[in-house]
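>
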Amino acid sequence: MALVEEPPFMRNLGTRFVDARPGYCETVLTVTDAHLQQDGYVHAGVQGALADHTSGCAAFTLVAADDIILTAEYKVNLLRPGVGERLRCRATVLRAGRTLMVTEADVLAERDGEERLVARVTATMAVTTAR
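Given below as structure tokens:
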């Protein structure tokens, strides 16, 4: 899905597309030292950005190709420190309205073949058109 890899910021983070279908998107990010905060955990901003973008991609699967999805707001619940080789994000659309969508995204840290939920993000996405 081009939307996942096209934005320079997400490309710079190393985000990769895994899967998308109507109302759902999944991405993965290989953790590097550049993603870590001072204590060696994945920075909360990285987790939030990954969830925000993956949520936007999930919303984008439900709109016309010329529509634009913009984040209106999002809330991050950090559940435990982000420790692992990869972060995987799975986002779903909970409610798809004509102008607003509500999404939920889980950020999971993969370590030694195990996934642990490290953050849950709820977001409101605005649906608009190009000007």
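All the letters of the sequence shown, read from the start, carry residue numbers 114 to 244 under our numbering.
Each residue gets a CB set at the ideal place from its N, CA and C atoms; glycine is no exception.
1. Starting from V176, trace the alpha helix (DSSP H) in both directions and tell me its first and last residue.
2. Whose CA, out of M238, R201 and P194, lies closest to the CA of T140?
3. Quick check on D132: does DSSP put it in helix, strand or coil?
4. Start and end of the beta strand (DSSP E) containing R224?
5. Taking the Cβ atom as the reference point for each residue, do G210 and T174 lie within a distance shorter than 8 Å?
6. Cβ atoms of L230 and L192: under 8 Å apart, would you say?
7. Have a look at D225, R203 and K188 and flag the residue whose alpha-carbon is nearest the alpha-carbon of V131.
8. Could you tell me the distance, in whole angstroms, from the CA atom of A162 to the CA atom of V206?
9. Which residues in the same chain have their Cβ closer than 6 Å to the Cβ of T212, if we skip the five residues on either side of it in sequence?
The answer reads as follows:
1. Note, V176: premise wrong, no alpha helix (DSSP H); not H, not E.
2. R201
3. strand
4. L213 to R224
5. no
6. yes
7. R203
8. 17 Å
9. V240
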